[in-house]
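Below is one structure; the comments refer to it alone.
Protein chains: 2
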Amino acid sequence: MADHNALPLVILAEQFAKLPGIGMKTAQRLAYYVMSMSESDVQAFADAILQAKHRVHNCAICQNLTEQEVCPICGDDRRDHSIICVVESPKDVTAFERTGEYNGTYHVLHGLISPLDGVSPDDLEIRSLLARLQSEPVTEVIMATNPTVEGEATAMYIARLLKPMGVKVSRLAFGLPIGGILEYADEVTLYKALENRNEI
Amino acid sequence: MADHNALPLVILAEQFAKLPGIGMKTAQRLAYYVMSMSESDVQAFADAILQAKHRVHNCAICQNLTEQEVCPICGDDRRDHSIICVVESPKDVTAFERTGEYNGTYHVLHGLISPLDGVSPDDLEIRSLLARLQSEPVTEVIMATNPTVEGEATAMYIARLLKPMGVKVSRLAFGLPIGGILEYADEVTLYKALENRNEI
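Residue numbers (numbering that gives the first Met the number 0), protein chains in the order written: chain A, 0 to 199; chain B, 0 to 199.
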């Protein structure tokens, strides 16, 4: 924004521009839009940002984002705690829950192994997954990372760690288009991929 | 977001989805992104929103958004205060300032006359424009609203009010493509439109 603009507006536009997929032009439009919102709506927006950051943290068991000590899925006795579906990020949990067909638990890695980006296995929630296998009666671990180079490598790495522990390790069926993004798969494709999972 | 998600995350996604051009899917991605931001970055983001709303208001003279009582353009003695460029919104001021070719002042209407949307002339900053003509030595008013139905109607309405006051009223040259949006015009087109303005 040019220097005739009010500084708080320029700062707000710069903040919006930091968000993924939001360029400077869109950021400016959003900043102007905030100016047209009511006082209480603006307060609610700012509160929502702070509350989400302050009140939400990782589940002590599956590492998914939650407000409680243990997330609703891990705390649900009706779910099958002998199956763990390992995913890259919390939004993948949302994608599987949308199918309505999976009744096991999850484990969120919060990333994928990617040496080029400096992400090593130690940066992911792998140790907490191994700990679960020792404390819970787990019979199967489903590797549900994206069908990309990093997703495949991470699935293989974890599978090799788990095999000696005597647990069945399976991989999502490749009904998913290779190179695609799990989050955008439709419910039926995702359910088929889950149903046809193969042992690695 | 499904009900297994933490409530503060759902609330934040709903807040993002209220912004123009941001759908529920993008809103969810942004909410997850906020979770991955550092504590201080999140605080800075929330502060920027509140500060913009609290510290920025309309200039007492031209009604453009500013932090001060009078905006930097209205308060600049080197600018030509005998010419007023009337625009729909603050972002149009930014567009003209980018040309670097206009040295007069502005007047921001904060909307266009649109009976279908229930916007009447009384809802716009037209009264404050008429007041300026009485207190400032204005010789020309340039109607620089968008070349759309509402923009044309608003320009014509204001021109008819101003003519009896003995001031020259001009309209941007139609170098601008009809039906287009002023904000997205390139600098040269906008400068040409300004240069070839015609008396209405």
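Note that CB positions come from ideal geometry on N, CA and C, so glycine has one too.
Counting only Cβ pairs nearer than 8 Å, list the residues of chain B close to residue i.
i: residue 203 of chain A; result: Here chain A covers residues 0 to 199 and nothing more, so residue 203 of chain A does not appear.
i: residue 54 of chain A; result: 5 and 7
Please tell me whether residue i and residue j are closer than 9 Å, where the distance is taken between their beta carbons.
i: residue 131 of chain A; j: residue 189 of chain A; result: no
i: residue 47 of chain A; j: residue 42 of chain B; result: no
i: residue 194 of chain B; j: residue 167 of chain B; result: no
i: residue 111 of chain B; j: residue 141 of chain B; result: no
i: residue 92 of chain B; j: residue 57 of chain B; result: no
i: residue 107 of chain A; j: residue 89 of chain A; result: yes
i: residue 113 of chain B; j: residue 66 of chain B; result: no
i: residue 181 of chain B; j: residue 125 of chain B; result: no
i: residue 34 of chain B; j: residue 55 of chain A; result: yes
i: residue 87 of chain A; j: residue 144 of chain A; result: yes
i: residue 109 of chain A; j: residue 70 of chain B; result: no
i: residue 30 of chain A; j: residue 94 of chain A; result: no
i: residue 153 of chain B; j: residue 128 of chain B; result: no
i: residue 45 of chain A; j: residue 45 of chain B; result: yes
i: residue 61 of chain A; j: residue 105 of chain A; result: yes
i: residue 40 of chain A; j: residue 162 of chain B; result: no
Can you tell me where the beta strand (DSSP E) holding residue i begins and where it ends?
i: residue 141 of chain B; result: 139 to 142
i: residue 170 of chain B; result: 167 to 170
i: residue 69 of chain A; result: Element bounds for residue 69 of chain A: n/a, residue is neither H nor E.
i: residue 105 of chain B; result: 103 to 107
i: residue 84 of chain B; result: 79 to 86
Could you give the first and the last residue of the continuous alpha helix (DSSP H) run that contains residue i?
i: residue 148 of chain A; result: 148 to 161
i: residue 39 of chain B; result: 38 to 54
i: residue 134 of chain B; result: 126 to 134
i: residue 10 of chain A; result: 6 to 16
i: residue 33 of chain A; result: 23 to 35
i: residue 92 of chain A; result: 89 to 98
Identify the contact partners of residue i in chain B, using a Cβ-Cβ distance below 7 Å as the criterion.
i: residue 201 of chain A; result: Outside the displayed range of chain A (0 to 199) lies residue 201 of chain A, so it cannot be described from this structure.
Listing by chain order, which chain A residues have their CB less than 7 Å from the CB of residue i?
i: residue 123 of chain B; result: Simply none; closest approach about 14 Å.
i: residue 18 of chain B; result: 29 and 32
i: residue 223 of chain B; result: Summary: the structure shown does not reach residue 223 of chain B, with chain B confined to residues 0 through 199, and so no result is reported for it.
List, in chain order, every chain B residue whose beta-carbon is nearer than 9 Å to that of residue i.
i: residue 133 of chain A; result: Under the 9 Å cutoff, chain B gives no residues; its nearest Cβ is about 25 Å from residue 133 of chain A.
Is residue i close to the ligand FMN? I mean its beta-carbon at under 8 Å from any heavy atom of the ligand.
i: residue 196 of chain B; result: Judged by which ligands are present, the structure shown has none, so any question about the ligand FMN falls away.
Problem set entry | Near-chain A residues of the stretch 23 to 41 of chain B - C-beta to any C-beta below 8 Å | 25, 27, 28, 29, 30, 31, 32, 33, 34, 36, 38, 40 and 41
Exercise. Does the stretch 86 to 102 of chain A come within contact of the stretch 112 to 119 of chain A, defined as at least 3 CB pairs closer than 8 Å?
Worked result: no
For this session: Give, in chain order, every residue of the stretch 91 to 116 of chain B whose Cβ lies closer than 8 Å to some Cβ of chain A.
Result: 92, 93, 96 and 97
Problem set entry | Residues of the stretch 135 to 159 of chain B whose Cβ lies closer than 9 Å to any Cβ of chain A, in chain order | none
For this session: Could you name the residues of the stretch 59 to 72 of chain A whose beta carbon sits closer than 9 Å to any beta carbon of chain B, in the order they occur along the chain?
Result: 63, 64, 65, 66, 67, 70, 71 and 72
Exercise. Would you call the stretch 4 to 20 of chain A and the stretch 38 to 53 of chain B in contact, with 3 or more CB pairs under 8 Å?
Worked result: yes
For this session: State whether the stretch 61 to 80 of chain B contacts the stretch 81 to 95 of chain A, with contact taken as three or more CB pairs (one from each stretch) at a distance under 8 Å.
Result: no
Exercise. Mind listing which residues of the stretch 183 to 199 of chain B have their C-beta closer than 9 Å to chain A's C-betas, in chain order?
Worked result: 183
For this session: Count the C-beta pairs between the stretch 21 to 29 of chain B and the stretch 13 to 28 of chain A that are closer than 8 Å, then say yes if the count reaches three, no if not.
Result: yes
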